[in-house]
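J.: Quick one: this structure, given as structure tokens, is what I'll be asking you about.
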Amino acid sequence: MKPQVSVKFIVQGTALGFAVGLVYILILYLIGLLSKGLALTLGGISDLHRITPIFYLIDLLPIVLGPFGYFISRKIAAYLSDYENSISNSLHRERKLYRFVEKLRDGDVDADYTPDETDALGKAIVSLRNDIRLSRNEEEKRRKEDEQRRWAAEGLAKFGEILRQNNDNIDELSFQIIRNLVNYVGANQAAFYLLEDEDSADRHFRMTASYAYERRKYADRIIPWGDGLVGACALEKEKIVLKKVPDSYLRITSGLGRANPKFLMLIPLKVNENVHGVIEMASFNPFEKYQEEFIEKVSESVATTIATVKINLRTAKLLKESREQAEELALKEEQMRQNMEELQATQEEASRQSAKFISFSNSVNHTMIRADFDVDGTLIYANTKFLQKLEYSSNSEVEGKHISMFINKKDRAWFDEIWKNLSRGGKHFEGDMKFLTRNGNDLWTIATFTCVRNEIGGVDKILFLAIDTTEQKKLSLDYEGQISALNRSSIKAEFSPTGDLIDANEKFLLTLAYTLNSAKEKSVFDIVPSGERKNIERVWDDVIHGIPYEGQIKVLTSNSEERWFRCTFSSVNDMYDEVAKVVLIANDITREKNMEFETQRQTEQLRLQEEQLRMNEIELNKKLREAKDEVRNQFKEIEKVKIRNEKTLEGFLDAIITTDHDGIVQFFNKAAEELFEVKRDEILGQSVRILFPEDIVNTDEFLGSYLDPNKEKITGQRKEITITTQGGKEIPVLMLITEAKIGREVTYTAFIQNISVDLF
């Protein structure tokens, strides 16, 4: 069609040029004839040519203007054709670009469009598509990373709960760990090997649990130390990953057949370079990097828990021996309690035990990071643990500073919302919190921000308590272990404000011969004799009004037997300063009470027989002398017990040094002689400072506080230091300091473990 339109236009242009030439000729003829006075005839036209010869050239105008019209029309036709082609191409390109934009609006970032060199808009839209595609890819990557972090966080919380619930049974703990670990990471089979090293001559690994295809496998396999992949993993103290598992190593069997796993991973359970076991996991598919990191973090927590359980078992064994010795001593003391003076001595001993309990509670408090902030976020007080964990040397560096100083800029937005809620007296915050130390390091904690209210209920300040979880949550586990030990050593029960039993520990249930369900049917008023009902009601009314009670009460067991408790009732208030529950902490003093009644009865008998005793003074003096001899013998027995305890400590493999408040050495066992290469006789009665060089003491805060009588000791924390023996040999050791108070007398005991490795 386009060529036909062009030819027609050219023909029309040529004809127009020829016609214009004829019109000009006619006009010029008319003008020439009129000006010459000639007639408008052919003869007149011939005469005009004769008179004016130029008209011969004018006759050529149609011939000249015809080709000129042809040339002009051809140029115009070519231009119009090019213009139409350009309009068509532009329209086609715009339609193609429109379809491309519609695909982008529908979310198809993979739509294809190729712009030409002159298509600036197309290039801009293609660049926009590339940016959208890149942004979507980055968003997908961030979403995947966030999902992985959420998955890991939920997994760590889940396994933390498993560790807390099963920390009293290693076999059940190991099974629960590998069962949940296999299911959580999508593995196929796993085994848990626990190191048994009580006998140093027979160190081996025992398979305490095995799990595959959602079934528990009961196996009791023994692997000697250093044998196989398990032994190699323990020796190297590093993770072992095999992507090509030998066919003879292990097989996974199902109802459809047998298959060899393609991927094997062994993770050592180590704490402070001490291996406590190995976890072995097999899978058909390799683990992702984030899964491996998650498994390693879980293994660290499991190792810490196993180490704590082992310590608890050893502590329980020592506690049992101590109780046996205490029972033996109690039998001997029973013979001495013949008068009121011995009863008073018993009460003084109980007071000393109470002082030890208070000291123990303070030690628990010292294990946590603490700081006080005003409502505006300004730091008011920070304890030593806060300064140490955040890498500050003194309170003057942090007091008066805003809390934002310890928060990363990326965390300010969500933390400001939490703080705004706290400053208004809202609900306390409890959860994971990341802080920024002085040197720019991250400190992860399980943190609690709690509002401390004044007398009118307003927010006085905000209390911050935290446990450092950066180092495998050591402080958290230690704190929970101490609370658990306290719960095992004392009778404990929780009551509602109306007196109904909410919960009770095992010691409470055993003492009163109740099950937990039957005990929950009772109130605090049901467990006391009817004659004590009014007394306990009066005590209870004081307690729920904020007045704690400390004293003795008489209770009834399920068998209606009477027992005596030395107890405290304390109310626990909620965030609105209202009583949420009442906590009972008690010790069974039935034996002491019976002895007291017996003593009172005997005292009454002595009073009635006083006249008769006066008449037989010589016989009384004789009996007194015999009593003194008996007391002297009893003190000799007590001295023997003390010597036996010292002999027990003498046999410890770790070095043990006991000093008084002034740093004078009172006890120095055989292991300490071998470690420091010094004789006991040379150090007993001397200052403990002679064992440590001055240059180390001046640079180590832990040693400096231990050796300076005027400084507070850092107790309850195991620290790694380097000591120098008398022979000049430097040895790395782990040192733990404990404090004991009896009356005004204070002693410090240092437990020093040699952690140097001998190379053969």
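In my numbering, the protein residues as written are 663 to 1422. In this text, a Cβ means the ideal position worked out from N, Cα and C, and glycines have one as well. Remember, predicted model here, so these are calculated numbers, not experimental data.
1) Let's test the definition: count the other Cβ atoms within 10 Å of the Cβ of Glu986 and tell me whether it reaches 16, buried, or not, exposed.
2) Around the Cβ of Asp1250, are there at least 16 other Cβ atoms within 10 angstroms (buried) or fewer (exposed)?
3) Should Lys899 go down as buried or exposed, given a rule of 16 or more other Cβ atoms within 10 Å for buried?
4) When burial is assigned at 16 or more other CB atoms within 10 Å of the CB, is Gly903 buried or exposed?
5) Would you tell me roughly how many angstroms separate the C-alpha atoms of Val1186 and Asn1331, rounded to the nearest one?
6) Is it the case that the Cβ atoms of Leu1398 and Gly1378 are separated by a distance below 9 Å?
7) Let me know if Pro923 comes out buried or exposed under the rule of 16 or more other beta-carbons within 10 Å of its beta-carbon.
8) My assumption, with CB atoms under 8 Å, is that Ile840 sits in contact with Ile941. Please give the rounded CB distance.
9) Quick check for students: name the residue ranges of the alpha helix (DSSP H) that lie wholly in the segment 1247-1296, counting only runs of 4 or more.
10) Can you name the residues that DSSP bridges to Asp1165?
11) Return the bridge partner residues of Val1121 from the DSSP annotation.
12) Please work out which residues of its chain come closer than 8 Å, Cβ to Cβ, to Leu766, disregarding the five sequence neighbours upstream and downstream, and give them in chain order.
13) Leaving out five residues on either side along the sequence, give the residues of the same chain with a beta carbon under 7 Å from the beta carbon of Val937.
14) Under a three-way DSSP split, which group does Tyr745 fall into?
15) I want to know whether the segment 792-812 touches the segment 820-834 - three or more CB-CB distances under 8 Å.
16) What residue from Glu1335, Lys1072, Thr977 has the CA that sits closest to Gly1389's CA?
17) Have a look at Ile1318, Phe1314, Ser748, Ile1326 and flag the residue whose alpha-carbon is nearest the alpha-carbon of Ile1414.
18) Terminal residues of the continuous alpha helix (DSSP H) containing Ser708?
19) Assign Lys1051 to one of three DSSP states: helix, strand, or coil.
20) Whether or not the segment 1035-1043 and the segment 1060-1073 are in contact is what I'm after, with contact meaning three or more pairs of Cβ atoms, one per stretch, closer than 8 Å; do they touch?
21) Consult DSSP for Asn1235 and reduce its assignment to one of helix, strand or coil.
22) Helix, strand or coil, according to DSSP, for Val1408 in the structure here?
23) Give me, in chain order, the residues of the same chain whose beta-carbon lies closer than 7 Å to that of His866; leave out the 5 immediate sequence neighbours on both sides.
24) Applying the criterion that 16 or more other CB atoms from any shown protein chain within 10 Å of the CB defines a buried residue, is Thr915 buried or exposed?
25) Report the rounded CA-to-CA distance for Ile1423 versus Ile973, giving the unit in angstroms.
26) Name, in chain order, the residues that DSSP records as bridge partners for Trp1416.
27) For a test of the three-state rule: what should DSSP assign to Ala944, helix, strand or coil?
28) Please classify Asn829 as buried or exposed, where buried requires at least 16 neighbouring CB atoms within 10 angstroms.
29) Under the DSSP definition of a beta bridge, which residues are partnered with Glu1382?
30) Hey, how far is the Cα of Ser748 from the Cα of Asp768?
31) So what's Arg1014 in DSSP terms, helix, strand or just coil?
32) Use the C-beta contact count for Tyr760: other C-beta atoms within 10 angstroms, 16 or more gives buried, fewer gives exposed.
33) Tell me which same chain residues have a C-beta within less than 6 Å of the C-beta of Asp833, skipping the five on either side of it?
34) Where DSSP assigns a beta bridge to Arg1225, which residues make up the other side?
35) How about Ala1333 and Leu1353: do their beta carbons lie closer than 9 Å?
36) Pick helix, strand or coil for Ala849, following the three-state DSSP scheme.
T.: The structure says:
1) Under a 10 Å Cβ-count criterion, Glu986 is classified as exposed, with fewer than 16 other Cβ atoms of the shown protein chains found around its own Cβ.
2) Buried: at least 16 other Cβ atoms inside 10 Å.
3) Exposed: under 16 other Cβ atoms inside 10 Å.
4) Going by the sequence as given, residue 903 is Val instead of Gly. Val903 is exposed by the Cβ-count criterion.
5) Val1186 and Asn1331: Cα-Cα distance of roughly 50 Å.
6) At the C-beta level, Leu1398 and Gly1378 come within 9 Å of one another.
7) With 16 or more other Cβ atoms within 10 Å, it is buried.
8) Their Cβ separation, rounded to whole angstroms, is 7 Å, which keeps Ile840 and Ile941 in contact under 8 Å.
9) Contiguous alpha helix (DSSP H) elements confined to the segment 1247-1296 occur at 1252-1270, 1272-1277, taking only those with 4 or more residues.
10) The partner list for Asp1165 (beta bridge, DSSP) reads Glu1156.
11) Val1121 is bridged to Arg1115.
12) Listed in chain order, the non-local C-beta contacts of Leu766 below 8 Å within the same chain comprise Ala773, Ile787, Leu790, Arg791, Ile794, local neighbours out to five positions each way being set aside.
13) Non-local C-beta neighbours of Val937 in its own chain, meaning closer than 7 Å and more than five positions away in sequence, comprise Leu857, Ala896, Lys899, Pro930, Leu931, ordered along the chain.
14) In the structure shown, Tyr745 falls within a helical segment according to DSSP collapsed to helix, strand and coil.
15) The segment 792-812 vs the segment 820-834: no contact.
16) Among Glu1335, Lys1072, Thr977, the Cα nearest to that of Gly1389 is on Glu1335.
17) Ile1414 has its Cα closest to that of Ile1318, out of Ile1318, Phe1314, Ser748, Ile1326.
18) For Ser708, the enclosing alpha helix (DSSP H) begins and ends at 704-713.
19) If DSSP states are grouped into helix, strand and coil, Lys1051 belongs with the helices.
20) Yes: at least three Cβ pairs fall under 8 Å.
21) Strand at Asn1235.
22) Under the three-state reduction of DSSP output, Val1408 falls in the strand class.
23) If we look at His866 and ignore the five residues flanking it on each side, its Cβ neighbours are Glu858, Ile884, Ile885, Pro886, Trp887.
24) Since pLDDT at Thr915 reaches only 45, below the 50 mark, its modelled position is unreliable, and no value is offered.
25) Here the chain covers residues 663 to 1422 and nothing more, so residue 1423 does not appear.
26) In the sequence as presented, Trp is not what sits at residue 1416; that position holds Asn. The partner list for Asn1416 (beta bridge, DSSP) reads Val1395.
27) Per DSSP, reduced to three states, the secondary structure at Ala944 is strand.
28) Around the C-beta of Asn829, 16 or more other C-beta atoms lie within 10 Å, and the residue is accordingly described as buried.
29) The partner list for Glu1382 (beta bridge, DSSP) reads Leu1396.
30) About 30 Å.
31) If DSSP states are grouped into helix, strand and coil, Arg1014 belongs with the helices.
32) The residue is exposed, with fewer than 16 neighbouring Cβ atoms inside 10 Å.
33) Result list for Asp833: Thr870, in chain order.
34) For Arg1225, which the question treats as bridged, DSSP gives the partners Val1217.
35) Not closer than 9 Å, so no.
36) DSSP places Ala849 in the coil class of the three-state scheme, outside both helix and strand.
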